[in-house]
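According to my numbering, numbering within the sequence shown proceeds without interruption in unit steps and concludes at 1401.
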Amino acid sequence: MLKRIGAVALVMGLAGCGWYTNVPAQISVQSVEPGTVGVVFNGNSPPAFTNPTVTATGEHGSIGATYTQAQLTYFDGAGKAITELDAKGVYLNLRVAPASLTPYTSDTSKDRTFTQGTGKAMLPIVNQKVLEYATSNKPGTITAQVVLVGLDDAQFGSTLRVNVPIVFSGL
């Protein structure tokens, strides 16, 4: 209870000072690279692929957030969940810094600049279970839905959701 009261006091203090106006954190996905993951099977060689990197950005005036877990859900081409591939509580570390302004200086000819907080993390969506599923079912394409779970700097829960297609070839 005291922790919650402290979080509310922090929010009120931050909102009242005018520096941070978006509490809880206002974070969105800016990009996912690559946008589609290609998994290439080539005979007896290990499959070639690169897991995607997500870039998240805070809104102007937003406090920061740290995402420490991912929940992975996979869907086939018809949109049906592939439950045997689901993974909950997958560890990752995505820190989106709070927005900031450059400090005032005595040189009034220089404008203050605003910096949005950003952060990047690799999404571990292609794993051994996904590769085994692909070799036994030859799906062509599946989609990984990734829900990132964490806390913002005021200790409010924060989530981000991103869908990434996975295309298999050479099966």
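Glycine included, each C-beta is placed from N, C-alpha and C at the ideal position. Quantities reported herein were computed from a predicted structural model and do not represent experimental measurements.
Is the region 1313–1325 touching the region 1293–1302, taking contact as three or more C-beta pairs under 8 Å?
yes
Between which two residues does the beta strand (DSSP E) holding LYS1359 run?
Locating residue 1359 in the sequence shown gives position 129, where the first residue counts as 1. Premise fails: LYS1359 lies in the alpha helix (DSSP H), 1358–1367, not in any beta strand (DSSP E).
Pick from VAL1253, GLY1370 and SER1388 that is closest to VAL1377, judged by C-alpha positions
The residue you call residue 1377 lines up with position 147 of the sequence shown. Answer by Cα proximity: SER1388.
Less than 7 Å between the beta carbons of GLY1400 and PHE1271, yes or no?
If you number the sequence shown from 1, residue 1400 lands on position 170. If you number the sequence shown from 1, residue 1271 lands on position 41. Yes, they are a contact pair.
Assigned exposure category for SER1292 - 16 Cβ within 10 Å defines buried:
Counted from its first residue, the sequence shown places residue 1292 at position 62. Per the 10 Å Cβ criterion, buried.
Which stretch, first to last residue, makes up the beta strand (DSSP E) that contains PHE1271?
Translated into positions along the sequence shown, residue 1271 becomes position 41. Here the beta strand (DSSP E) through PHE1271 covers 1267–1272.
To which residues of the same chain is THR1283 closer than 8 Å at the C-beta, ignoring the five residues directly before and after it?
As a first step, residue 1283 is located in the sequence shown; it is residue number 53 there, counting from the start. Correct list, in chain order: VAL1262, GLU1263, LYS1350, ALA1351, MET1352 and LEU1353.
My output table needs one value for LEU1353: the three-state DSSP class, helix, strand or coil.
Taking the sequence shown and counting its residues from 1, the one referred to as residue 1353 is at position 123. If DSSP states are grouped into helix, strand and coil, LEU1353 belongs with coil.
Kindly indicate the opening and closing residues of the beta strand (DSSP E) around SER1388.
Sequence index remark: in the sequence shown, residue 1388 carries index 158 (1-based). Unbroken beta strand (DSSP E) run through SER1388: 1387–1399.
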